[in-house]
Structures are given as structure tokens and as C-alpha cells.
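Structure first, commentary second.
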Amino acid sequence: MQRTFSIIGLLIILLSVATITEFAHAGTESDELIQELAAEKGYSAEDLRQILSTAKRSQLVIDSLNRPAETVHTWKTYRPIFLKPSRIEQGVAYWKKHQKTLEKAAETYGVAPEIIVAIIGVETFYGKRPGTIAILDALYTQAYHYPKRAKFGRSQLKAFLQILMEEQIEPAMAVGSYAGAMGTPQFIPTSFLSFAVDFDGDNKRDIWGNDADVIGSVANYFSKHQWRKGEAVAVKTKPLDQRHPLYVDSAQRAAKPDITVSRIKQAEIPADGLGNDNALIKVIHLKGAEGSEFWLGLHNFYVITRYNHSNLYAMAVFQLSQEILTLKNQMDKQ
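Using the numbering used here, read the sequence shown as starting at 595 and increasing by one per residue.
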């Protein structure tokens, strides 16, 4: 019995030493980050230290990052998640509620309202599901307590501290996902610094509670990624069999358009609405509920994938946008 207690005691001591070492290392590393930001931006090191003193290692974040990969979706299983009647109807309601702001964003940035609304709908169900984890804890944990994402975590924590200082946001008010995506549009901190805008002129960029800033920021994101006003996004084409010269295996990861319209025509694929012969497109193969679907993704389709590097994601946004637009037009005529 005494030997058993000795072993348990030794394990407790070893775990305690490991924990103390881990937190000491985190303290040293975070102090380096503080000095770096203070030197680069002129912030008060004491203010930064005060913010970081409230950061906590989150086991929930670690457990979430360690979860086995989610089921690998095909278009058959992915589409029903986002093309539900409730998401379409709520999209129309969101559009009507913020119509003036969406019109202003479309005029300012050249991005169609239905695309802006669809992005917000896919990301957080129009702001209803933004996540509840403190971003400070999520990024601090990744930076100093999760080696696999330490580089990402440190860079995003640095950007997040800059956001807190510039926007005068209370750390506890900034919530989002365990991975560090923030607010209604789910921007990571570096994306916030690059693309978030004050769209209502109140001298704040608030992507948590200000829909005007959310709408303007999403539109600006697309504009900065070269969205082309008025151009098509994707066109469904005829089925291609495996002997076709442009047949592609189904792929979820997005790739840049790399085939000219003239090549599409040479391959006897209908090319109406695809632009001039030098325009570039991408053949996309999706495994849908009724079998294979083939789409021609244009430049704007690729731009959607800059928000999330997945063909399935971009197609969900595109088709949701079209369903929202159709329903809104129908309701407007009534």
C-alpha cells in the first residue's frame, strides 16, 4: 500500500513539474510577444501584459482540436446542411432588415447582396451561431499549449492583441470558434486587420454586434480578392465521362481556373455565358444526390473559395445565394 501511494505521489509531482514548466515557458514566450508588439506599435507593454494575464489555457480548445476529423462530405451530404428552407427564409429576412446597408455595400464594393447574405448565412446562420469561446483563450492556448498550431496561434494572438488595442474592445466580449474565427463573419484576427471596415461611421469595427460593419467587411473581403461585379459564378454543364479530355476526379480543395473558354469549346462543352475565349474557368466535379454533377467555375467562384478553400463551400454559398435571391424576388412581387 505504501509503495502504491509512493508511485501516485511521484506521478503527481512529475505532472506538477511538467505543468509548471509549461506555464513558465508560455510566460517567457508571451513576454517576447509583448515586447515585440510594444516595439512595433508603440503600445504600453504593461497594458499588453495586463490583457495576457487574463488569458487561460483552455482544455475545451485542445479537446476540440484533437477531435477526429469530421466525416468527409460529398456534395450529396454537404448540400442539405446549408440549403434548408429555414436558412433560405432567414436569408430573405436578413436582406429585408438590412436592405439599405446591403445596397450601399453593393454600390461601394461591387459585390451582389445575395452573395454577402449567403456568406453570413453559411458562416453563422446570420449571426445567430457565432461561437461562444473567448478568442483570447483560444489563441493563447494554440500559441503556447498546442504545438501543432503554435505558429498560427502566435501570429493570430499578436493580431488579436492589436485589435483589442486599436478598437478598444473588452477581451471578454470577443468570442468565436475554438479555432479563433471571430464574430458573425468568422474572420480570423489577421483577416480582421486586413478586411474589417467601419461601415456606419461610428469609428469602430465591430463584427460581433454591428450588422453594418459585418456587411461592409464581408463585401470588402470579396472586393479585395478581386470580385468581378456582374460576372457569373458557376454554370452547370453536361455530364462528362471518364474518356472526356477534361474529365476531373471529384475534388473538394479549390484550385484556380486554368482552362480557357476556347479550350472548353474545343472539347464540345457548352460555353454560353462564360465570357470571351481567353477567360479562364475550372471544371468542377461534384458527387450529388442524383449522381455526378459537372460545373464550370468562373473567376468569382474561385473568389468565394478565398473565404474557405473548398469547392463544396463555394457551391453552397453560390446556390444558397440564388435560392435567397429567387425567394426574395417572389416575395417582392406579391
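Beta carbons are placed, not taken as given, at the ideal position from N, Cα and C, and that holds for glycine.
| Check | Outcome |
| --- | --- |
| Could you tell me which of A813, I757, I713, L733 sits nearest to F746, measuring between CA atoms? | L733 |
| Between T831, P724, A649, P662, which lies nearest to F754 when the distance is taken from Cα to Cα? | A649 |
| For T831, which beta-bridge partners are listed by DSSP? | F888 |
| Suppose you measure from the CA of Q924 to the CA of I809; what does that come to, to the nearest Å? | 23 Å |
| List the residues that DSSP assigns as beta-bridge partners of I875. | I853 |
| Have a look at A712 and Q629 and give me their C-alpha separation to the nearest angstrom. | 41 Å |
| Strictly by DSSP, which residues pair up with I727? | G770 |
| Round the Cβ separation of I898 and W689 to the nearest angstrom and send it over; I've been treating them as touching at under 8 Å. | Contact flag wrong, Cβ pair sits at about 18 Å. |
| Which of the three DSSP states is assigned to K650 in this structure? | coil |
| Quick check: what's the CA-CA separation for R799 versus F793? | 8 Å |
| With C-beta atoms as the reference, is A768 less than 8 Å away from W802? | yes |
| From the DSSP output, in three-state form, read off L677 for me. | coil |
| Consult DSSP for R847 and reduce its assignment to one of helix, strand or coil. | strand |
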